[in-house]
Amino acid sequence: MFRLEARTSTPAWFNLALPLLAIGATLVLCSGLIALAGAGVIDAYGVMFSASLGDSYAITETLVRATPMILTGLAVAVAFRAKFWNIGAEGQLLAGAVASCAVGAIPMPGPLAMLLMALAGAAAGAAVALVPATLRVKFKVDDVVSSLLLNSVIFYALMALIEGPWKDSFSGYPISPPIEDSANFPVLLEGTRLHLGVVAAFLAAPVIWFLIARTTLGFRIRVIGENPEAARYGGIHVERVLISTALLSGALAGLAGVSEVGGVHFQVMSDISPGYGYSGIVVAMLARLNPLGVMPAALFLAAVMTGAEAMSRATGVPAFLSDVIQGTALLAMLVALLFTAYRIRRVGAAR
Amino acid sequence: MSVVLEQIFQVGFLAAIIRIATPLAFATLGEMFSERAGVLNLGIEGIMLLSAMTGFTATSLSGSLWLGVLAAVLTGALMGAVHALFTVALGLSQHVCGIGVTLFSSGLAYFLYRLIFGQQSVPPSIKSFETLPIPVLSDIPVVGPAVFNQFSLVYMAMAAVPLAAFVLYRTPWGLSVRMVGENPRAADSAGVGVIATRFQAVILGGALMGLAGAFLSMVQFNAFTFGLVSGRGWVAIALVVFGRWDPWRSAGAALLFAFVDALQLRMQASGLGHIPYEAFLMLPFIFTIVAMAVMSRNAVAPSALLKPFRREER
Chain A
1 MFRLEARTST
11 PAWFNLALPL
21 LAIGATLVLC
31 SGLIALAGAG
41 VIDAYGVMFS
51 ASLGDSYAIT
61 ETLVRATPMI
71 LTGLAVAVAF
81 RAKFWNIGAE
91 GQLLAGAVAS
101 CAVGAIPMPG
111 PLAMLLMALA
121 GAAAGAAVAL
131 VPATLRVKFK
141 VDDVVSSLLL
151 NSVIFYALMA
161 LIEGPWKDSF
171 SGYPISPPIE
181 DSANFPVLLE
191 GTRLHLGVVA
201 AFLAAPVIWF
211 LIARTTLGFR
221 IRVIGENPEA
231 ARYGGIHVER
241 VLISTALLSG
251 ALAGLAGVSE
261 VGGVHFQVMS
271 DISPGYGYSG
281 IVVAMLARLN
291 PLGVMPAALF
301 LAAVMTGAEA
311 MSRATGVPAF
321 LSDVIQGTAL
331 LAMLVALLFT
341 AYRIRRVGAA
351 R
Chain B
352 MSVVLEQIFQ
362 VGFLAAIIRI
372 ATPLAFATLG
382 EMFSERAGVL
392 NLGIEGIMLL
402 SAMTGFTATS
412 LSGSLWLGVL
422 AAVLTGALMG
432 AVHALFTVAL
442 GLSQHVCGIG
452 VTLFSSGLAY
462 FLYRLIFGQQ
472 SVPPSIKSFE
482 TLPIPVLSDI
492 PVVGPAVFNQ
502 FSLVYMAMAA
512 VPLAAFVLYR
522 TPWGLSVRMV
532 GENPRAADSA
542 GVGVIATRFQ
552 AVILGGALMG
562 LAGAFLSMVQ
572 FNAFTFGLVS
582 GRGWVAIALV
592 VFGRWDPWRS
602 AGAALLFAFV
612 DALQLRMQAS
622 GLGHIPYEAF
632 LMLPFIFTIV
642 AMAVMSRNAV
652 APSALLKPFR
662 REER
């Protein structure tokens, strides 16, 4: 007989083993869909791999794709550490995109423009995240629902902008005017789309790791997440830390929008984010809320997204497989996390 | 203002309200049952989409509309069971699982649709239900043709509201649902199967979400399009809160939202109004967030919402 037994601590190798287990299970489960589409499973995954990580250009495309998800992943990881349930990274990203686009359209020297775009985008994202945090602190409003609903509010605000004052009067398309050429993030590798924002995102992850693991604020964020009562008893102003967490989380998600505007699209349109905010939740969970783990987790999702297009062209399997993989990976990871709380033990045989 | 009033008292306008409200009513009632049992189902957006797809596909392949409705309901119930498996049986975090279910179901819906129908320049459509006039009642001026000359699924939504209220407040099962949502520990002591009741409520909720999806793809649009649900699931989440977890109030909230939406569509079409239509679309979300802040003083949400139940833990 087997029995579930509560676990008090988890070994360190779990941080690596559990996401790999979840990803493995996901790929096995989704191979059923590939077979259903009449393609060879090894073939399809092979194309997916080579098109996303097989050559240097493919790798740069995957890195570009991973960038917004690193930032939203960090946003979610920071928030969830404090048990601030920020489901609103999508809206915060859009707010950051709009703000940075508005700033980037003002003529000024390039470096200044990029700096101000980042500041404006981070501030806009933080402002949006402040709403659910304030409502929770002041009115005890559930942050899950309020942050989720705000996504729709921000999306419609963006639509009102690009179908109203920002509408392209020449073509009539609902897209914003482009930012100044000088505000476009420099491309770091000739012939690719690898832009400055990619490097910034990969630098942000260790910075956020340091902040969470080694600073007082990070300590407070972790404590109010793990044990708010003890935190309060220990003299930590829980509400204030929660607000700081929300500002940090929102700013990171806002920066994801900045990076997409400055480095990829150079303007704002309705589909500027194919759900990067929600992908951030998948990334953060796969990373076990560890900021350093966010990088490989985001790279995995980015590789799947980049590879899915090529796989679809080569094998006829619909590219939407990448969306299924995302959802399955999140659910598989949640189940895998059960191993951190419980262990399976054989009973009866011994003794 | 007078133009607005004129618009309101038109058959077409009233009928539009009813049609917009129908999928929202199904979805809102579905989410309400789930939440009353203590389980937030953020999978609703994806469940509606996947059900819309299976319903449309079943009808498209079999030619039978009711077979499509059945397929959608079963899909919704199945995905409800999946959400319950993760959140009730395994006790995993409800909001993260819900997002997972939405990502998974939406992805699967698009994937299967593309697999079955391929990429076509003109999306395939089905011949939808005929309206079903109710004798005598449909002869009432204005209200009759708008309300009583509708599709059978609309009548089902109208019937679902009092039925849901009856089930929730007047049946032993409804009492169990409310108990496991308010105080699972006490319910357990009273001999109510907490896990089983929560499973049933989430599955019933999923089935209702399935009906909402079926209405969208089989009555409202007669086709499955990308972005078919476009946030209606999230609207339902808002309406449940706005309707204070009560079937009548939730349905009322759905009607109110449908009214604003229909008005917004009219004003857009008539070129009236200098207010961007998005402002109206934002309203239910803003109202709900404000309402949540105001209502929090007298907590009305099910006390055990978001809290998994494990018998051995105290």
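Residue numbers (the working numbering), protein chains in the order written: chain A, 1 to 351; chain B, 352 to 665.
The C-beta atom is built at its ideal place from N, Cα and C for all residues, glycine as well.
Please read these numbers as outputs of a predicted model, since none were measured by experiment.
query                                                                                                                     : result
Amino acids of chain A, ordered along the chain, whose beta-carbon sits closer than 8 Å to that of B:ALA630               : TYR156, ALA160
Boundaries of the beta strand (DSSP E) in which A:ARG81 is found, first to last residue                                   : Segment 56 to 81 is the alpha helix (DSSP H) holding A:ARG81; no beta strand (DSSP E) there.
Reference A:VAL294, options A:THR72, A:ARG3, A:VAL41, closest by Cα                                                       : A:THR72
Reduced DSSP category for A:GLU190 - H, G, I as helix; E, B as strand; rest coil                                          : coil
A:PRO291 at chain B interface by Cβ criterion, 8 Å                                                                        : no
8 Å Cβ cutoff, A:GLU85 in contact with chain B                                                                            : Here residue 85 of chain A is Trp; the residue named in the question, Glu, does not match the sequence. Yes - at least one Cβ of chain B is within 8 Å of the one on A:TRP85.
Interface residues of the region 321 to 350 of chain A facing chain B [CB-CB below 8 Å]                                   : LEU321, SER322, ASP323, VAL324, ILE325, GLN326, GLY327, THR328, LEU330, LEU331, LEU334, VAL335, LEU337, LEU338
Beta carbon proximity, A:GLY225 to chain B, threshold 8 Å                                                                 : no
Chain-ordered residues of the region 584 to 598 of chain B with a beta carbon less than 7 Å from chain A                  : TRP585, ILE588, ALA589, VAL592
Any C-beta of chain A under 8 Å from that of B:THR639                                                                     : yes
Nearest-angstrom Cα separation, counted from B:PRO535 out to A:ALA355                                                     : Because chain A spans 1 through 351 in this model, residue 355 of chain A falls outside it and cannot be assessed.
Burial state of A:ARG351 (16 or more Cβ within 10 Å)                                                                      : Residue confidence for A:ARG351 is low, a pLDDT of 42 falling below 50, so the modelled location carries little weight; the figure read from the coordinates is stated next. Classification for A:ARG351: exposed.
Secondary structure of A:TYR342, DSSP reduced to three states                                                             : strand
Contacts of A:MET48 in chain B (Cβ-Cβ under 9 Å)                                                                          : The premise fails here: A:MET48 is roughly 14 Å from chain B at the closest Cβ pair, so nothing lies under 9 Å.
Integer Cβ distance of B:ILE368 from B:ALA587, believed to fall under 8 Å                                                 : About 17 Å separates the two Cβ atoms, so there is no contact after all.
Stretch pair the region 402 to 421 of chain B + the region 539 to 547 of chain B: three plus CB contacts closer than 8 Å  : no
Residues sharing a beta bridge with B:PHE566, DSSP                                                                        : BP columns for B:PHE566 are empty, so no partner.
Beta-carbon proximity list for A:VAL258, same chain, < 6 Å, skipping 5 on both sides                                      : GLY96, SER100, MET117, ALA118, GLY121
Residue-level contact to chain A via CB, B:PHE455, 8 Å cutoff                                                             : yes
C-beta neighbour in chain A for B:TYR461, strict 8 Å                                                                      : yes
Within 8 Å, strictly: CB atoms of A:ALA133 and A:ALA256                                                                   : no
Straight-line Cα distance separating B:ALA574 from B:MET507                                                               : 21 Å
Residue(s) in a DSSP beta bridge with A:ILE175                                                                            : A:MET269
Local Cβ density within 10 Å of B:GLU629, reported as buried at 16 or more and exposed below that                         : buried
For B:LEU347, the three-state DSSP class (helix, strand or coil)                                                          : The question about residue 347 of chain B has no answer here: the residues shown for chain B are numbered 352 through 665.
Cβ separation of A:ILE175 and A:ASP168, assumed to be a contact under 8 Å, to the nearest whole Å                         : 5 Å
Closer than 8 Å to chain B by CB, A:SER146                                                                                : yes
Chain B contact residues for A:ALA37, given Cβ-Cβ distances below 8 Å                                                     : LEU466
Neighbourhood of A:LEU196 by C-beta distance below 7 Å, restricted to the same chain and skipping five residues each side : PHE185, PRO186, LEU188, GLY263
Residues within the region 278 to 289 of chain A neighbouring chain B, beta-carbon criterion of under 9 Å                 : TYR278, SER279, ILE281, VAL282, MET285
Neighbour flag for A:VAL180 against chain B, beta carbons, 8 Å                                                            : Rather than Val, the amino acid found at residue 180 of chain A in this sequence is Glu. No, because no Cβ of chain B sits closer than 8 Å to the Cβ of A:GLU180.
Range of the contiguous alpha helix (DSSP H) that encloses B:HIS446                                                       : 445 to 468
Chain-ordered residues of the region 436 to 452 of chain B with a beta carbon less than 8 Å from chain A                  : PHE437, LEU441, LEU443, SER444, HIS446, VAL447, CYS448, ILE450, GLY451, VAL452
Exposure of B:TRP599, with buried meaning 16 or more beta-carbon neighbours within 10 Å                                   : exposed
Chain B within 8 Å of A:VAL153, Cβ atoms only                                                                             : yes
A:THR306 - containing alpha helix (DSSP H), residue span                                                                  : 291 to 315
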